[in-house]
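Peer 1:
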Amino acid sequence: MELLHDGIYGNGVWKTFQICKLSSALVRQYFNNRLNVSERSNETETTRKEYYFNNWMTLLSQLPLLLFTLLNSFLYQWISEKMRIAGSLVFILILFILTAVLVKIPMEEDRFFSVTMATIWFINSFSAVLQGSLFGLVGLLPQRYSAVFMSGQGLAGTFAALAMIFAITSEADSESAALGYFITPCVGTLVTLFSYMLLPKLEFAIFYLDSKRKSYELETSSHLLPTDAAEDRVKSSGPSNGSVVNGDQKSSILQVFKQIWVMAFCVTFVFTVTLSVFPAVTVDVKTVYGGKWERYFIPVLCFLFFNLMDFIGRSVTLVSKWPSKDSRLFPLLVVCRVVFVPLLMMCNVQERHIMPVLFSNDVMFAAIMVFFSVSSGYFVCLSMTYAPQLVEPKDGETAGALMAFFLALGLSLGAALSFPLRFLV
Numbered sequence: 001m002e003l004l005h006d007g008i009y010g011n012g013v014w015k016t017f018q019i020c021k022l023s024s025a026l027v028r029q030y031f032n033n034r035l036n037v038s039e040r041s042n043e044t045e046t047t048r049k050e051y052y053f054n055n056w057m058t059l060l061s062q063l064p065l066l067l068f069t070l071l072n073s074f075l076y077q078w079i080s081e082k083m084r085i086a087g088s089l090v091f092i093l094i095l096f097i098l099t100a101v102l103v104k105i106p107m108e109e110d111r112f113f114s115v116t117m118a119t120i121w122f123i124n125s126f127s128a129v130l131q132g133s134l135f136g137l138v139g140l141l142p143q144r145y146s147a148v149f150m151s152g153q154g155l156a157g158t159f160a161a162l163a164m165i166f167a168i169t170s171e172a173d174s175e176s177a178a179l180g181y182f183i184t185p186c187v188g189t190l191v192t193l194f195s196y197m198l199l200p201k202l203e204f205a206i207f208y209l210d211s212k213r214k215s216y217e218l219e220t221s222s223h224l225l226p227t228d229a230a231e232d233r234v235k236s237s238g239p240s241n242g243s244v245v246n247g248d249q250k251s252s253i254l255q256v257f258k259q260i261w262v263m264a265f266c267v268t269f270v271f272t273v274t275l276s277v278f279p280a281v282t283v284d285v286k287t288v289y290g291g292k293w294e295r296y297f298i299p300v301l302c303f304l305f306f307n308l309m310d311f312i313g314r315s316v317t318l319v320s321k322w323p324s325k326d327s328r329l330f331p332l333l334v335v336c337r338v339v340f341v342p343l344l345m346m347c348n349v350q351e352r353h354i355m356p357v358l359f360s361n362d363v364m365f366a367a368i369m370v371f372f373s374v375s376s377g378y379f380v381c382l383s384m385t386y387a388p389q390l391v392e393p394k395d396g397e398t399a400g401a402l403m404a405f406f407l408a409l410g411l412s413l414g415a416a417l418s419f420p421l422r423f424l425v
């Protein structure tokens, strides 16, 4: 059971890297305040300089995530696991420390903007390599650890949303709030690095993560984790299509993709639907009630509800997995999630120009967010859990790396679609 905790630390802290995104309302306010400058001529204000920070942040977050996840899918066989994971963590730690320091350093606005954009690019680049490597690593483990790995992501997102609410309650200024958000990932990264360094000392980890072991040796794992014996036998039996690859030679990326393409489509489609409206559309929903609740409406019903329900959806897969990985109903249900796009667009989003408001009540928005979030977490976790089961154990790391790429592809497609969808509202 020791590795269970390593799975939570390893992935949960990677999600901590996304605190700046999940808590974007407060962090972006800090950047907007710092970049809210005007050009002056003869002591007379003429024009306000527009940096389009939100647009550039979205672009420079998703683009490197997609590119470097794709690169990691091809290069992981030539670059050692320790180099990819430990190296990424070290560079991410340095970049977060730099970002935290910049909060307190006065700097000319153009230079500050350029340094910030470069930092966002490199943090997401190293995060992509780290994410792909961790997914590949978990692909070598029994099925239950994939579910634990994924549920850790949702839990960290919930902590980020709670941090948002705490910052509002404490009435901290935007600079102090931003400093707190940047220091938190620094601590989280150190914990991750320490946990990863302990991993090779665990007998369970040594057994499963030794890439030189033959697939039939997985049968002997019952003495390490009896409850997973049945899962191990399923994994050791190879893919359902009966294909056989001689010895320990890994299958090509194309061969692995042919076996997991349905799961790759599912995880891509789920994130495309989710990111197309969250948070680009949902963050602009307005409450029908005024007063103090107005300050907490978006942090609670948008960010906290989404992350908490997403975590619950992921956690459900630990006790129940339906539909099965071979069921045609699974991709059908994933596609049906597209109905949430118009439903959320017809909530009380302001400003709006084209579509009517059909769900102005706060309760309706909350109900839609619950089903939207639970289904997102549930189907993503199922897809990522099922994929390594469709290939032989020796190809589990390849399957995990490929799924990480398609996860990033879904994020990028969703982010791209969010612009026209917000305009259509």
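In this text, residue positions in the sequence shown follow my numbering: the first is 1, and each later residue adds one. All C-beta atoms, glycine included, are put in the ideal place defined by N, C-alpha and C.
Which one or two residues does DSSP pair with Val285 in a beta bridge?
Peer 2: Val349.
Peer 1: Can we count Leu301 as close to the ligand MN, meaning its CB is less than 6 Å from some heavy atom?
Peer 2: Absent from the structure shown: the ligand MN. Ligands present: none.
Peer 1: To the nearest angstrom, how far is the alpha carbon of Phe159 from that of Gln249?
Peer 2: Going from the Cα of Phe159 to the Cα of Gln249 covers about 42 Å.
Peer 1: Between which residues of its own chain and Leu421 is the CB-CB distance below 8 Å, once the five residues before and five after are set aside?
Peer 2: If we look at Leu421 and ignore the five residues flanking it on each side, its Cβ neighbours are Ser276, Val277, Ala280, Val281, Val341, Met345.
Peer 1: Measure the CB-CB distance between Gly132 and Ala404 and report whether it falls below 7 Å.
Peer 2: Yes.
Peer 1: Counting Cβ pairs, one atom from each stretch, are 3 or more of them under 8 Å apart for the region 179-186 and the region 319-329?
Peer 2: Contact fails: fewer than three Cβ-Cβ distances are below 8 Å.
Peer 1: Let's see if you can read the secondary structure: which residues bound the alpha helix (DSSP H) around Leu329?
Peer 2: Its alpha helix (DSSP H) spans residues 329-336.
Peer 1: How is Phe278 classed by DSSP in three states: helix, strand or coil?
Peer 2: Note: Phe278 maps to coil in three-state DSSP.
Peer 1: Write down every uninterrupted run of the alpha helix (DSSP H) in the region 85-115 whose length is 4 residues or greater and which is fully enclosed by it, in chain order.
Peer 2: Qualifying alpha helix (DSSP H) stretches: none in this window.
Peer 1: Do you know offhand how far Ser315's Cα is from Leu71's?
Peer 2: Between Ser315 and Leu71, the C-alpha separation is close to 30 Å.
Peer 1: Check this for me: beta carbons of Lys325 and Tyr378, under 7 Å apart or not?
Peer 2: No.
Peer 1: Compare the C-alpha of Trp261 against each of Leu95, Leu407, Ile92, Ala366 and name the closest.
Peer 2: Trp261 has its Cα closest to that of Leu407, out of Leu95, Leu407, Ile92, Ala366.
Peer 1: Rounded to the nearest angstrom, how far is the Cβ of Met355 from that of Val425, given a contact under 8 Å?
Peer 2: Contact flag correct, Cβ pair sits at about 5 Å.
Peer 1: So what does DSSP say about Ser237, is it helix, strand or coil?
Peer 2: Confidence in Ser237 is poor, its pLDDT being 45 and thus under 50, which makes the residue's placement unreliable; the coordinate value appears in the next sentence. Coil, per DSSP.
Peer 1: So the alpha helix (DSSP H) Phe311 belongs to, where does it begin and stop?
Peer 2: Per DSSP, Phe311 belongs to the alpha helix (DSSP H) from 305-316.
Peer 1: Is the beta carbon of Arg295 sitting closer than 7 Å to the one on Ile165?
Peer 2: No, the Cβ-Cβ distance between Arg295 and Ile165 is not below 7 Å.
Peer 1: Tell me the DSSP bridge mates of Phe359?
Peer 2: Answer by DSSP bridge pairing, in chain order: Cys347.
Peer 1: Is the separation between the beta-carbon of Leu141 and that of Tyr196 shorter than 7 Å?
Peer 2: Not closer than 7 Å, so no.
Peer 1: Determine contact between the region 250-257 and the region 389-401, defined as no fewer than three beta-carbon pairs at a distance below 8 Å.
Peer 2: Yes, they touch.
Peer 1: I need the DSSP call for Val27, collapsed to helix, strand or coil.
Peer 2: The pLDDT assigned to Val27 is 46, lower than 50, so where the model puts this residue is not dependable, and the model offers no usable value.
Peer 1: Would you give the residue range spanned by the alpha helix (DSSP H) that Trp293 belongs to?
Peer 2: Taken as a continuous stretch (DSSP letters only), the alpha helix (DSSP H) holding Trp293 covers 293-297.
Peer 1: Which residue from Val285, Leu67, Glu203, Lys258 puts its Cα closest to that of Ile426?
Peer 2: With the chain covering 1 to 425 only, the question about residue 426 has no answer from this structure.
Peer 1: Just curious, the alpha helix (DSSP H) that Glu397 is in, first and last residue?
Peer 2: Note, Glu397: alpha helix (DSSP H), 396-424.
Peer 1: Please report the Cβ distance between Phe269 and Gly410, rounded to the nearest whole angstrom; I am assuming they are in contact, meaning their Cβ atoms lie under 8 Å.
Peer 2: Right, the Cβ-Cβ distance comes to about 7 Å (below 8 Å), so this counts as a contact.
Peer 1: Quick one, are the C-beta atoms of Ser88 and Val129 less than 7 Å apart?
Peer 2: Yes, the pair counts as a contact, with Cβ atoms nearer than the cut-off.
Peer 1: Would the beta-carbon of Leu93 fall within 7 Å of that of Thr119?
Peer 2: No; because the gap between Cβ atoms is not below 7 Å, this pair is not in contact.
Peer 1: Using C-beta distances below 7 Å, list every residue in its chain close to Ser376, excluding the 5 sequence neighbours before and after it, in chain order.
Peer 2: Cβ neighbours of Ser376 beyond the five flanking positions: Val270, Thr274, Asp310, Gly313.
Peer 1: Please report the distance separating the alpha-carbon of Gln259 from that of Thr99.
Peer 2: Their backbone Cα atoms lie some 42 Å apart in a straight line.
Peer 1: Output the distance between the C-alpha atoms of Arg352 and Val370, rounded to the nearest integer angstrom.
Peer 2: Spanning the two alpha carbons is a distance of roughly 23 Å.
Peer 1: In angstroms with no decimal places, state the Cα-to-Cα distance between Asp110 and Met117.
Peer 2: Computed Cα separation, rounded: 11 Å.
Peer 1: Considering only residues of the same chain and omitting the five flanking positions on each side of Ser237, which have a CB-CB separation below 6 Å?
Peer 2: Because the pLDDT at Ser237 is just 45, under 50, the model does not fix this residue reliably, and the point stays unresolved.
Peer 1: If you draw a straight line from the C-alpha of Leu60 to the C-alpha of Asn124, how long is it?
Peer 2: Leu60 and Asn124: Cα-Cα distance of roughly 8 Å.
Peer 1: Pop quiz: Thr398 and Val256 are said to be a contact at Cβ under 8 Å. What is the actual Cβ separation, rounded to whole angstroms?
Peer 2: Confirmed, Cβ separation roughly 5 Å.
Peer 1: In the structure shown, what three-state DSSP assignment does Pro142 receive?
Peer 2: Looking at Pro142 - three-state DSSP - the assignment turns out to be coil, as it is neither helix nor strand.
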